[in-house]
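Everything on this sheet refers to the single structure shown next.
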Amino acid sequence: MFSGPTGLFSKALRDAAKKVKVRTLRDMGLRDSSIWKQVQDMTLDILNDSGKKNLMAVEGSRLPYFRGRATLLPADGSGVSTLIVVQDPDTTQRAAPGS
């Protein structure tokens, strides 16, 4: 989910890594792969929370928005890229007036 400014993922990863007590988890017998999974899960939680807060702010401001998934295709021979956007089926969009 893209829901924040550039650098959000690295900030979330740093925040999650600060919260995980690697030595304690290793002392408990957890393997590095389990510890890394914990960091990944915490990072995703931070990203999802950020996305929810951003959506609440947009909805609270009654701004138009579109929620979906996008894929940026490589540039063609003329240097033009194509962006394919698909609306998430389980979401309600707030369209801009007149659209």
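In the numbering used here, the protein residues as written are 1005 to 1103. Every residue gets a Cβ at the ideal spot worked out from N, C-alpha and C, and that includes glycine. Every value quoted in this text rests on a predicted model; they were computed, and no experiment measured them.
- Fewer than three Cβ pairs drawn from the region 1070-1083 and the region 1040-1047 lie within less than 8 Å of each other, which leaves the two stretches out of contact.
- In the structure shown, the three-state DSSP call for residue 1074 is strand.
- For residue 1087, the uninterrupted beta strand (DSSP E) segment begins and ends at 1086-1091.
- Counting along the chain, residue 1046 sits inside the alpha helix (DSSP H) bounded by residues 1036-1064.
- Taking the Cα positions, residue 1025 is about 13 Å away from residue 1041.
- The beta carbon of residue 1085 lies closer than 8 Å to those of 1076, 1077, 1078 and 1079 in the same chain, with the five residues before and after it left out.
- Residue 1070 has its alpha-carbon roughly 9 Å from the corresponding atom of residue 1092.
- By alpha-carbon distance to residue 1012, the top candidate from 1055, 1089 and 1023 is 1055.
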